[in-house]
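Asks: Note that this note's numbering has the sequence shown beginning at 1241, numbered continuously upward.
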Amino acid sequence: TFGTLGAKGVIRDVGRVLDLPFSEVDKISKLVPTELKMTLDKALDMSPELKQMSQGGGVGEKLLGIGRQLEGLARHASVHAAAVVITPKPVTEYMPLYKSPKGGEVVTQYNWHHVEDLGFLKMDFLGLRNLTLLEDSVKMIADNYGEEIDIDNMGLDDKETYELFGRGETTGVFQFESNGMRDYLIKLRPDRIEDIIAMTALYRPGPMKYIPNYIARKHGTEKVTFDHPILEPSLEETYGIILYQEQVMRIGRDMAGFSLGEADGIRKAMGKKLAEEMDKWRTGFVEGALKNDVPKAVAEKIWADIEVFAGYAFNKSHSAAYAVVSYQCAYLKAHYPAEYMAANLNSEIGDIERLVVLIEECRRMGLDVLAPDVNESQVDFVARKGEIRMGMAAIRNVGRPAVEAIVRAREDGEPFDSLFDFCERVDLRSVNRRSVESLIKAGAFDHVGGHRAQLLEGVGRALDMAQSAQADRARGQISLFDGAAMEAQAAMVNDRNLPDVPEWGERDRLSHEKDMIGFYLSGHPLARYETDLMEMGIRTVKGLEGMPDGGEVQLGGVIIEVKPHIDKNGRSMAFGSLEDMQGSIDLVVFPDAFEKIRDRFVVDEMVVLQGRFSGRNGRTSVQVEQILGIDQAREALADTVNVRLSAEVIRMERLEALKNLCMRFPGDCQLRLHLDIGGEHPTVVVSRKLEVAPSEMLLNEIANLAEGHVKAWASREAGRARRAARRVESVPAAEVNGAPDEDFVAEALEPA
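Encoded structure:
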């Protein structure tokens, strides 16, 4: 194939060759609209500014003048991703060849049109990651249960599989993962493989508009009609909608009397979107239809429908082959969820964003994804007893040879009982210091004694001792008469205590963990704020599904990526990503907003952002207008501080302590107590006068009044219905294990 000079590209290439100022060339190229099949002539018609440049002399006129002459010419040779030419004798006897400068592949000098026109056999061989995924799943199932599944010869009528499709639970299922596709599946409720094949063909830019018709006709809410009875055998399966090239071939045969060879000519013209070829077939189709007593107007309408279809033509055999792979994936997910998801995770190692999505799906399915462990993990993710254990090869700086050496040492003896034992038994030629440190930060040593800060501090000494011991073993046993050496060896064996250093705080622990595996697994820095964010009405990433384009949004999370950018006017802006406990979303900060918030738009910051939702072109993002720290957001949005007390701790001295504590944090928030003193819901007591500030320090100190028996959080009550908790007239002290009644509680909280 040949890459050609496109409208934007030709401007940049001409500017580069003529050594014109990059800023001017870039400015002109950005005036060309970003649309499919854009040309410079179309761009000049669409952009008055560009047209003015083309006539005003200078760089613009020169660039555009030369560019219009060169546009459409071949720029470079490229290689088709999957096409293979097959000849009866060596290919050199039929066509000229060359070696690709990049990969060194042998490539034909004829393009694919010429190869086919000359009658050579050209086959497209597509490699699908999902085929490996299926193979790995089947192997894991056999290892775990002894069941040999013949995935290629099983039936296509499994009820549980279609129910999974119908619930839209297709994250991790080939071709059926997008939000839009899952929404359509829920409406479609597929119950046969033909529905899966149809959705594979329909869910593309051209035919997507027919999905609602297909669904309505399947469920009988829209009548199925045919322009002529001859069409019914061809279109009955798809409820009167033309979906496949094979249907057009059959219509051509049945209605116009085309031979199968002629009908295949139409298929080729459609598949390659050759408008001139389609025009040639039109006359023959209409004339043939007239011979079969089809009215001319009907024949012309049907041909017009076929021409529209040609813009998005898809052959059924292709759609069916893909749909079967999708069905096989869904079958394994429905019946062997742990094994299928483990194989899925293995197929995505290296793509952190995908791993996060799949792990969140595992959690939704009730599957625990366990942290890496030097005594439990294998090289890759594995499923055992309905759980998935993360593989050590997914940890950064820990290559497969290192993991294989660890597994080999473990299987040759007992489980590792300490960091020192580990270092002495693994092959240190394969497992270096960086690997061990990465394993510690990822949590893989959490169950062999010591906390992560101690383990990391002790790595150097553990490796020194291990290298000395391994060197001694390599030289042979220490001499029985070498008393000094024996004493030194005994001292080293006895000195296996880890350094006495403070444990990492949660934030540091999770930060190191994410650095090593790319995401949070054992916890999330946002977890401590989850209740506050929810109670203040802050949305989650998952909660944005279905939001209208341009809708106002408040979103809480951790900024995980920041990419500064200069716009075409030379102003600073930024792109980025925000992650919460349910997913991540792209962020855009335009220049005006970026000036105000750039100091807070920083990686690892936990924030609440305000902005507008964008769901254009199937890609979701938030245009950020304001960013607040979580403490700032709590103070700006909360109007209530809630304290939940269990019956055992509702005592005068604690209420006095609570009152005194709250008086140190005056503010505008109502103080609301939730008393667990019996009944279906807590009894709510609202302080009559005491108002507080919703600071994190206050919430933490309240929780420390009686650890495990007191919970504190901020909320926004204005504008939403009161919750199920209710206030009652009075609760006798005898009914609450000697605790005072609620009026007493309310009075006790009043400032003096």
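From the three backbone atoms N, C-alpha and C, an ideal C-beta is built for every residue, glycine too. Model, not experiment: these values are computed from the prediction.
#1: On the DSSP letters alone, give me the boundaries of the beta strand (DSSP E) that Tyr1338 sits inside.
#2: Assign Pro1469 to one of three DSSP states: helix, strand, or coil.
#3: State yes or no: is the C-beta of Cys1663 within less than 8 Å of the C-beta of Ala1633?
#4: Which residues in the same chain have their Cβ closer than 8 Å to the Cβ of Pro1430, if we skip the five residues on either side of it in sequence?
#5: Please classify Ala1322: does DSSP put it in a helix, a strand, or coil?
#6: So, with DSSP's three-state summary, where would you put Pro1577?
#7: What residues in its chain sit with their C-beta under 6 Å from that of Met1605, if we drop five residues either side in the sequence?
#8: Less than 8 Å separating the beta-carbons of Glu1888 and Gly1907?
#9: In whole angstroms, what separates the C-alpha of Asp1667 from that of Val1254?
#10: Select from Met1510, Ala1574, Pro1788 the residue whose C-alpha is nearest the C-alpha of Lys1399.
#11: Quick check: what's the CA-CA separation for Leu1377 versus Leu1271?
#12: Which of the three DSSP states is assigned to Gln1910 in this structure?
#13: Considering Cα atoms alone, identify which of Glu1289, Gln1349, Pro1328 is closest to Leu1337.
#14: To test your reading of the DSSP string, which unbroken alpha helix (DSSP H) runs of 4 or more residues are found completely within the region 1643-1679?
#15: When DSSP labels each residue in this structure, what does Phe1882 get in the three-state scheme?
#16: Given this structure, state the Cα-to-Cα distance separating Gly1249 from Tyr1562, to the nearest angstrom.
#17: Which of helix, strand or coil does DSSP assign to Gly1307?
#18: Can you tell me whether Trp1352 is helix, strand or coil according to DSSP?
#19: Using only CA atoms, which one of His1687, Glu1753, Thr1771, Tyr1580 lies nearest to Met1380?
#20: Report the rounded CA-to-CA distance for Arg1768 versus Asp1839, giving the unit in angstroms.
#21: Quick check on DSSP: helix, strand or coil for Met1993?
#22: Are Met1756 and Ile1635 touching if we call contact CB-CB under 8 Å?
#23: Whole angstroms are fine: how far does the CA of Leu1750 sit from the CA of Ser1762?
#24: Restricting to runs no shorter than 4 residues, where is the alpha helix (DSSP H) found entirely within the region 1441-1506?
#25: Under a three-way DSSP split, which group does Gly1959 fall into?
#26: Nearest by alpha-carbon distance to Leu1374: which of Ala1583, Lys1681, Arg1856, Lys1625 is it?
#27: CB Glu1601 to CB Gly1408, shorter than 8 Å?
#28: Might you give, ordered along the chain, the residues of its own chain that have their beta carbon closer than 7 Å to the beta carbon of Leu1313, omitting 5 neighbours on each side?
#29: Residues bridged to Glu1931 by DSSP?
#30: By Cβ distance below 8 Å, which residues in the same chain neighbour Ala1283 in space, the five residues on each side in sequence not counted?
#31: Measuring straight from C-alpha to C-alpha, what distance separates Leu1696 and Lys1449?
#32: For the candidate residues His1691, Ala1684, Pro1934, Phe1841, whose alpha-carbon lies nearest to that of Glu1875?
#33: Is there a Cβ from chain B that is less than 8 Å from the Cβ of Ile1451?
#34: Relative to the C-alpha of Leu1938, which residue among Phe1656, Ala1954, Asp1533 is closest?
#35: According to DSSP, is Arg1629 part of a helix, a strand, or is it coil?
#36: With a CB to CB cut of under 6 Å and the five nearest residues on each side skipped, what residues in its chain are close to Gly1528?
Replies: With the given structure in hand:
#1: That run of the beta strand (DSSP E) goes 1337-1339.
#2: Pro1469: helix per DSSP, three-state reduction.
#3: At the C-beta level, Cys1663 and Ala1633 stay beyond 8 Å of one another.
#4: Closer than 8 Å at the Cβ level, and outside the excluded window around Pro1430, lie Tyr1402, Phe1405, Gly1406, Ile1436, Met1439.
#5: Ala1322 falls in the coil class under three-state DSSP.
#6: Here Pro1577 sits in helix by DSSP.
#7: Excluding residues up to 5 positions away in sequence, Pro1577 lie with their Cβ nearer than 6 Å to the Cβ of Met1605 in the same chain.
#8: Gly1907 sits away from Glu1888, with the two beta carbons spaced by 8 Å or more.
#9: Across the structure, Asp1667 and Val1254 are spaced so that their CA atoms are roughly 57 Å apart.
#10: Comparing Cα positions, the closest option is Ala1574.
#11: The question names Leu, but residue 1377 in the sequence shown is Ser. A straight-line Cα-Cα distance of about 50 Å links Ser1377 and Leu1271.
#12: Residue state, collapsed to three classes: strand.
#13: That would be Gln1349, whose Cα lies nearest to the Cα of Leu1337.
#14: Those alpha helix (DSSP H) runs which fall completely within the region 1643-1679 and span 4+ residues are 1659-1665.
#15: For clarity, residue 1882 is Asn in the given sequence; the question names Phe instead. Residue state for Asn1882 is assigned as strand, using DSSP reduced to three classes.
#16: Approximately 34 Å between the Cα atoms of the pair.
#17: Of the three classes helix, strand and coil, the one that applies to Gly1307 here is helix, per DSSP.
#18: DSSP places Trp1352 in helix when its eight states are reduced to three.
#19: Checked all of His1687, Glu1753, Thr1771, Tyr1580; the closest Cα to Met1380 is Tyr1580.
#20: Approximately 24 Å between the Cα atoms of the pair.
#21: Nothing can be reported for residue 1993: it is not among the residues displayed for the chain, which extend from 1241 to 1992.
#22: If you check the CB distance, Met1756 and Ile1635 come in under 8 Å.
#23: Rounded to whole angstroms, Ser1762 to Leu1750 spans 8 Å at the Cα level.
#24: Listed in chain order, the complete alpha helix (DSSP H) runs (minimum 4 residues) inside the region 1441-1506 are 1451-1458, 1472-1475, 1485-1496.
#25: Confidence at Gly1959 is low in this model, with a pLDDT of 48, below 50, so its placement is unreliable and the value that follows should be read with caution. Correct three-state label for Gly1959: coil.
#26: Of the candidates Ala1583, Lys1681, Arg1856, Lys1625, Ala1583 places its Cα closest to the Cα of Leu1374.
#27: Glu1601 is not a Cβ neighbour of Gly1408, given a cutoff of 8 Å.
#28: Hits under 7 Å: Thr1244, Leu1245.
#29: In the DSSP assignment, the residues bridged to Glu1931 are Gln1910.
#30: Taking Ala1283 as the centre and dropping the five residues before and after it, the same chain places the C-beta of Ala1247, Leu1271, Val1272, Pro1273, Leu1290 closer than 8 Å to its C-beta, in chain order.
#31: If I take the Cα positions, the gap works out to 57 Å.
#32: The shortest Cα separation from Glu1875 among His1691, Ala1684, Pro1934, Phe1841 belongs to Pro1934.
#33: No chain B appears in this structure, which consists of one protein chain only.
#34: For Leu1938, the closest of Phe1656, Ala1954, Asp1533 by C-alpha to C-alpha distance is Ala1954.
#35: Here Arg1629 sits in strand by DSSP.
#36: Sequence-distant partners of Gly1528 (beyond 5 residues in either direction) whose C-beta falls short of 6 Å from its own C-beta, in its chain, are Ala1496, Gly1497.
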